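The sequence shown begins at -13 in the working numbering and counts up one residue at a time.
Backbone N, C-alpha and C define an ideal beta-carbon position, used for all residues, glycine too.
Fair warning: this is a prediction, and the values are worked out from it, not measured in the lab.
Accompanying notes for the structure given below.
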Amino acid sequence: PSALKAGNTLQLNGSSPSAFRYMPSLLHYLLVIPLLLSLPTTTFSSPPAPPAASPSSPSEVQKLLAWAKQNGAYTHPSLVFRDGGMFADNGPINENEVIASIPTSLEYPVNNRTLDEFASAFISSRSDPSNFHHPYLSSLPTTCQNFACMSPDPTIFTLLGARNAGIESAHPVEASIITSRWFGTGLQPIMDLFNHDQSNPTQFVKLNTATNRYELRATHLHPQMSQVYNFYLDRNVLTMYRLYGFLDTSRELDCLTMRALRIGNPVQRVACIAYADEGVT
-13 PSALKAGNTL
-3 QLNGSSPSAF
7 RYMPSLLHYL
17 LVIPLLLSLP
27 TTTFSSPPAP
37 PAASPSSPSE
47 VQKLLAWAKQ
57 NGAYTHPSLV
67 FRDGGMFADN
77 GPINENEVIA
87 SIPTSLEYPV
97 NNRTLDEFAS
107 AFISSRSDPS
117 NFHHPYLSSL
127 PTTCQNFACM
137 SPDPTIFTLL
147 GARNAGIESA
157 HPVEASIITS
167 RWFGTGLQPI
177 MDLFNHDQSN
187 PTQFVKLNTA
197 TNRYELRATH
207 LHPQMSQVYN
217 FYLDRNVLTM
227 YRLYGFLDTS
237 RELDCLTMRA
247 LRIGNPVQRV
257 ACIAYADEGV
267 T
């Protein structure tokens, strides 16, 4: 996909493009096998992901939780933040119990601003101790979180992927912080402490219109000491890598991903590249 332009309204909560399922004929196999044999063997390796988005520190999280609860937030009594995630350390969390919830007033809203406008507001609010959201914003990382400010690794990205890996902004570090914890309508304290679980697509943050609260509700039993996850919506592998820094090669790969990253079934990947509109290499 194209890089997110600085003048575009933030729209990062959509589903990923449909997976392209290519069914090659025998002729196509015969045509691409010589090409495959001429390619370096590293082309189709499964590369390690860069570090995922840096979590808030435990001390900052404790301050954040105190502020959030003073302003109407709720977390299940079993929850403990540790090791960069939320865990049910104090006991199990049963199916259909509310894991966490916040009133909509705690969200730091985008309000239809562009990425640059939102990043500018983020910088201003974060530097102002009198701002209502300052306790939350000051708890967030201050370093680069994704490819808004990282250089693409050429052993992982193709030339095409590297050209489109970035998220364009006049404030690249702040843009990386925003896009690495984006909830569609804004930034949500506490909710962004939960890590992603691709295997459980039904447990994700939803707006309860009856209570005007965002809530994460358990869709299954969470045993004591287990990590509790949130599902980051059905984005494709490439988008998950660009925004959050982890690469799940066990999932089905669409052509956008196989053209941008040096991963995937060799025959399918060559077929995707053959039908690309621009050079990939």
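CB contact flag (residue i, residue j, <7 Å)
i	j	result
P187	F217	yes
A74	I176	no
S113	E46	no
L179	F67	yes
D102	S166	no
L207	N80	yes
S87	Y60	yes
A105	H157	yes
Q213	G77	no
P89	R248	no
A151	P140	no
Pairwise C-alpha distance: residue j and residue i
i	j	result
S162	C135	7 Å
G250	A148	17 Å
D234	V223	6 Å
F118	G170	21 Å
T205	P252	37 Å
L173	N132	16 Å
I85	I259	44 Å
L51	N97	24 Å
M211	L65	9 Å
P95	W168	10 Å
R99	L242	27 Å
R255	L239	9 Å
I142	T197	45 Å
I109	Y230	21 Å
E93	N194	14 Å
L145	R245	9 Å
Q56	S236	42 Å
M128	Q184	Correcting the residue identity first, residue 128 is Thr in this sequence and not Met. About 27 Å.
P209	N181	17 Å
R221	S111	30 Å
P44	G58	21 Å
C130	E160	8 Å
A107	P115	14 Å
I164	L219	16 Å
Cβ-Cβ separation, residue j to residue i (assumed contact under 8 Å), whole Å
i	j	result
K49	P121	6 Å
Y215	Q189	7 Å
For residue i, the three-state DSSP class (helix, strand or coil)
i	result
R237	coil
M72	strand
L247	strand
L219	coil
P34	Residue placement at P34 cannot be trusted, given a pLDDT of 40 that sits under 50; the coordinates are not used to answer.
Y261	coil
Q213	strand
L207	coil
Beta carbon proximity, residue i to chain B, threshold 7 Å
i	result
Q213	Given the protein chain composition of this structure (a single chain), no chain B is represented.
query = At what residue ranges does the region 137 to 204 contain a whole run of the alpha helix (DSSP H), taking only runs of 4 or more?
reply = 145 to 149, 158 to 165
ask   = Which runs of the beta strand (DSSP E), 3 residues or longer, sit entirely within the region 77 to 129?
value = 84 to 89
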